[in-house]
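K.L.:
In my numbering, the protein residues as written are 1001 to 1314. Sharing a structure here in structure tokens format.
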Ligand code: CP
Ligand code: NVA
């Protein structure tokens, strides 16, 4: 059956099959080639896209904006102080108003329930640009980068070091389960993800051949890693936890010693960015040949474009 994602929202990778995710990655690669060839498209011509940001963003905002313009859509940035949402108007009403005017809505903010409510009431595709719980568009960029380096995803050993219960860890775990990776979280037990999510990922993993593991010893965890991933120790909205996290997560810093402990020359380093150098990653690893973080950042554009084209495109 040909894959058709028209009209669908993109709220969490849980809602997508392995085949649908593979399709989005192939479309991303095709759109990347097209962009490199300098071909302007019209796959989103005539579409109006709302970009709601309760939290700041560089990559996600710019990727949505440029992707819209590359394919002929009009992006409208709506910052947290620009609209009534969260001040004078509830989510349900905002959703219905925006759905009458826009063809698609991106939302970045705190609660996953808000992006879900927007999708429920707007009547148009809604895309999750990050919530406290998930960051699904980032995973597409991460996986495209892994594919570019290793030719595929199945069987890749991806080790995530750091805050094992944030939006990135949750979403990498779901994506890995769906796409057959060997995913390891190296983190103190107090920062492992919620058991309900772990169980549902393990159930998916049983079907795809993926494995999901948790380890407290970072050096042991990274042995044989194809990719080491990290993220900030305190996510947006939890800046007050930084001191506590430094104490807990210093043994999980991605530094030259940890990279060497993989025992592999070809291990790559990934980070969703923005990075706090000297905390979760050292400057030398960040700037090393192994670091693919700027390919990964560029891939945000191609993958976000693919999500919009697939769900909204002409
Ligand atoms: N990786 C990512 O989502 O970056 P921004 O916060 O800059 O959008
Ligand atoms: N976990 C980070 C990801 C940023 C892209 C945060 O939520 O701040």
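We treat Cβ as the ideally placed atom computed from N, Cα and C, and that holds for glycine. Predicted model, so just to flag it, every value in this text is computed and none were measured.
What residue from 1222, 1144, 1149 and 1019 has the CA that sits closest to residue 1253's CA?
P.N.:
The residue you call residue 1253 lines up with position 253 of the chain shown. Ranking the options by Cα distance to residue 1253, first place goes to 1222.
K.L.:
Just to confirm, are residue 1128 and residue 1248 a CB contact at a threshold of 8 Å?
P.N.:
Stepping through the chain shown from its first residue, residue 1128 is reached at position 128. Stepping through the chain shown from its first residue, residue 1248 is reached at position 248. Cβ distance not < 8 Å, so residue 1128 and residue 1248 don't count as in contact.
K.L.:
For residue 1193, list the residues DSSP reports as bridge partners.
P.N.:
For the purposes of this step, residue 1193 is taken as the residue at position 193 of the chain shown. According to DSSP, which records beta bridges pairwise, residue 1193 is partnered with nothing at all.
K.L.:
Taking the C-alpha atoms as reference points, what is the distance between residue 1283 and residue 1277?
P.N.:
Residue numbering aside, residue 1283 sits at position 283 when the chain shown is read from its first letter. Residue numbering aside, residue 1277 sits at position 277 when the chain shown is read from its first letter. Going by the C-alpha atoms only, they are around 6 Å apart.
K.L.:
On a Cα-Cα basis, can you pick out the residue from 1107, 1241, 1138 and 1132 that is closest to residue 1125?
P.N.:
Indexing the chain shown from 1 puts residue 1125 at position 125. Residue 1107 is the option with its Cα nearest to residue 1125.
K.L.:
In this structure, does DSSP put residue 1106 in helix, strand or coil?
P.N.:
Indexing the chain shown from 1 puts residue 1106 at position 106. Residue 1106 falls in the strand class under three-state DSSP.
K.L.:
Could you check if residue 1042 is buried or exposed, using at least 16 other CB atoms within 10 Å of its CB as the buried criterion?
P.N.:
By one-based count along the chain shown, residue 1042 stands at place 42. Residue 1042 comes out exposed.
K.L.:
Assuming residue 1179 contacts residue 1272 under a Cβ cut-off of 8 Å, what Cβ separation, rounded to an integer in Å, is found between them?
P.N.:
Looking up residue 1179 in the chain shown gives position 179. Looking up residue 1272 in the chain shown gives position 272. Not a contact, Cβ separation roughly 17 Å.
K.L.:
Are residue 1163 and residue 1296 close, meaning C-beta to C-beta below 8 Å?
P.N.:
On the chain shown, position 163 is the one that residue 1163 refers to. On the chain shown, position 296 is the one that residue 1296 refers to. Contact: no.
K.L.:
In terms of residue numbering, what span does the alpha helix (DSSP H) encompassing residue 1010 cover?
P.N.:
The residue given as residue 1010 occupies position 10 in the chain shown. It is not in any alpha helix (DSSP H) - residue 1010 carries neither H nor E in the DSSP assignment.
K.L.:
Under 8 Å: do the segment 1219 to 1236 and the segment 1193 to 1209 share three or more Cβ pairs, one atom per stretch?
P.N.:
Result no; under three Cβ-Cβ pairs closer than 8 Å.
K.L.:
Residue 1234 lies in the alpha helix (DSSP H); which residues open and close that run?
P.N.:
The residue given as residue 1234 occupies position 234 in the chain shown. Residue 1234 -> no alpha helix (DSSP H), and no H or E assigned at all.
K.L.:
So does the segment 1195 to 1204 actually touch the segment 1149 to 1160, counting three or more Cβ pairs closer than 8 Å?
P.N.:
Because the criterion of three Cβ pairs below 8 Å is not met, the segment 1195 to 1204 and the segment 1149 to 1160 do not touch.
K.L.:
Whole angstroms is fine: what's the gap from residue 1113's alpha carbon to residue 1165's?
P.N.:
Numbered from its first residue, the chain shown carries residue 1113 at position 113. Numbered from its first residue, the chain shown carries residue 1165 at position 165. One C-alpha to the other measures close to 18 Å.
K.L.:
Leaving out the 5 sequence neighbours to the left and right, which residues in its chain are closer than 7 Å to residue 1215 when beta-carbon positions are compared?
P.N.:
Locating residue 1215 in the chain shown gives position 215, where the first residue counts as 1. If we look at residue 1215 and ignore the five residues flanking it on each side, its Cβ neighbours are 1184, 1186 and 1221.
K.L.:
Is it true that the segment 1020 to 1027 meets the segment 1046 to 1059, where meeting means three or more beta-carbon pairs spaced less than 8 Å apart?
P.N.:
Taking 8 Å as the limit for Cβ pairs, the verdict is that the segment 1046 to 1059 does not touch the segment 1020 to 1027.
K.L.:
Measure the beta-carbon distance from residue 1305 to residue 1071 and round it to whole angstroms, keeping in mind my assumption that it falls under 8 Å.
P.N.:
Here residue 1305 refers to the residue found at position 305 of the chain shown. Here residue 1071 refers to the residue found at position 71 of the chain shown. About 7 Å; that satisfies the 8 Å criterion.
K.L.:
In the segment 1042 to 1068, which residue ranges form an unbroken beta strand (DSSP E) of at least 3 residues, counting only runs that do not cross its ends?
P.N.:
Segments of the beta strand (DSSP E) lying fully in the segment 1042 to 1068: 1048 to 1053.
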